[in-house]
Amino acid sequence: MMRRAILAAVLVGGGAIMALPSAIQAQGLPNSRTELAYSYAPLVKRVSPAVVNIYTTTTARVPRRLPFPFPGMPLPPQAGERVQNSLGSGVLVRPDGLIVTNAHVVKGAEEIRVVLADRREFEAKLITQDERYDLALLRIEAADEKFPFLELRDSDSVEVGDVVLAIGNPFGLNQTVTSGIVSAVARSAGGINDSNFFLQTDAAINPGNS
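Here the numbering used here runs 35 ahead of the position in the sequence shown, where the first position is 1.
Here it is as C-alpha cells:
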C-alpha cells in the first residue's frame, strides 16, 4: 500500500482489513455507525468476494543425510531438493485481476495459485514487489475475466476507535472473519521505514492472513 492510499478493505500486513465506516460509505454499505452495531453480515457479503487465497510452491535445496550415520562418518556432499508449499491472502484491487498481497507470501515462489471466494482457481504472476514495505502485486492470468474488486481509499478518513474487520486465509481456513477496532494510526514499525503510516488494530491476525 502506498502512503495515504490504502484499501477500503485494507492490507496492512495481514489479509484484507476493513477500517469502518468512513472508507466503506462510498461503497454503499453501511450508512452509519449505528447500522454497524447490529450485524457485519451485509458488509462481509459485499467485500469478501474480492478477498482471495494465495498458494505458492517453491523448491528448496536441502543437504542429504544418511538414514543411519555412524560416528565419525562424513555426510554426503550432495544436496537434494524439497518442494515447499505456503499460503496467504490478498485483495483484488482492479477488475482485470490485479491483486495486492504481502511480499513474504510470494518470495521465491515458482508457482502462484489464487483461489477466489467462489472456489474458482487461477494461476497468477508476480508483477512487482517491495520487500522493504512487504508488499507485492500479482495478476491473475485469465483473459476476458472481470473480477470483483475493492477500490483504494484515503487512509486519512480512518480514526482510532473505528471498527475493523479482517478477512483472510489463516491456517488455510479460507474466508475467515475477525473483528476489532483501530488501536492507533500513524504507527512506525521498528525501523522498517522512516514513514509513520501504519494502522494498528486488535483484530485477530494469524499466519495465512497476510
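Beta carbons are placed, not taken as given, at the ideal position from N, Cα and C, and that holds for glycine.
Since the structure is predicted, the reported quantities are computational estimates derived from the model, not experimental observations.
(request) Give me the Cα-Cα distance between Ser190 and Leu200, rounded to the nearest whole angstrom. (result) It is roughly 15 Å from the alpha-carbon of Ser190 to the alpha-carbon of Leu200.
(message) Just verifying my parser: in three-state terms, what is the DSSP assignment at Gly1?
(response) Absent from the structure is residue 1, since the part of the chain shown begins at 36 and ends at 245.
(message) Starting from Val81, trace the beta strand (DSSP E) in both directions and tell me its first and last residue.
(response) The question names Val, yet the displayed sequence has Arg at residue 81. Element bounds for Arg81: not the beta strand (DSSP E) but the alpha helix (DSSP H), Ala76 to Val82.
(request) May I ask which residues mark the beginning and end of the alpha helix (DSSP H) holding Val141? (result) Counting along the chain, the unbroken alpha helix (DSSP H) around Val141 starts and ends at Ala138 to Val141.
(request) Can you tell me the Cβ-Cβ gap for Thr94 and Ala144, rounded? I've got them flagged as a contact below 8 Å. (result) Contact between Thr94 and Ala144 does not hold, since the beta-carbon distance rounds to 10 Å and is not under 8 Å.
(message) So, does the region 183 to 198 touch the region 155 to 166, judging by three or more C-beta pairs under 8 Å?
(response) No, because fewer than three Cβ pairs between the region 183 to 198 and the region 155 to 166 fall closer than 8 Å, the two stretches do not touch.
(message) Please report the distance separating the alpha-carbon of Ile216 from that of Gly196.
(response) Annotation: Ile216 to Gly196 spans about 5 Å, alpha carbon to alpha carbon.
(message) So for Ala239, helix, strand or coil by DSSP?
(response) Here Ala239 sits in coil by DSSP.
(request) With a 10 Å radius around its C-beta and 16 neighbouring C-beta atoms as the bar for buried, classify Val140 as buried or exposed. (result) Per the 10 Å Cβ criterion, buried.
(request) Whole angstroms is fine: what's the gap from Val118's alpha carbon to Ser74's? (result) Put simply, the backbone Cα of Val118 is about 43 Å away from that of Ser74.
(message) How far does the beta strand (DSSP E) with Asp165 in it extend, from its first residue to its last?
(response) First-last of the beta strand (DSSP E) with Asp165: Glu156 to Asp165.
(message) On the DSSP letters alone, give me the boundaries of the beta strand (DSSP E) that Ala171 sits inside.
(response) Per DSSP, the unbroken beta strand (DSSP E) holding Ala171 starts and ends at Leu170 to Ile175.
(message) So Ile202 and Ser83 are supposed to be a Cβ contact under 8 Å. How far apart are they, rounded?
(response) Yes, they are in contact, since the Cβ atoms of Ile202 and Ser83 sit about 6 Å apart, within 8 Å.
(request) Count the other C-beta atoms from every protein chain shown that fall within 10 angstroms of the C-beta of Phe206, then say buried if there are 16 or more, exposed otherwise. (result) The residue is exposed, with fewer than 16 neighbouring Cβ atoms inside 10 Å.
(request) Identify whether Ala58 lies in helix, strand or coil by the three-state DSSP scheme. (result) In this prediction, Ala58 has a pLDDT of 44, which is less than 50 and means its spatial position is unreliable; nothing more can be read from the coordinates.
(request) Please determine, among Phe157, Gly243 and Ser223, the residue with the shortest C-alpha to C-alpha distance to Phe232. (result) Restricting attention to Phe157, Gly243 and Ser223, the CA atom closest to the CA of Phe232 is found in Ser223.
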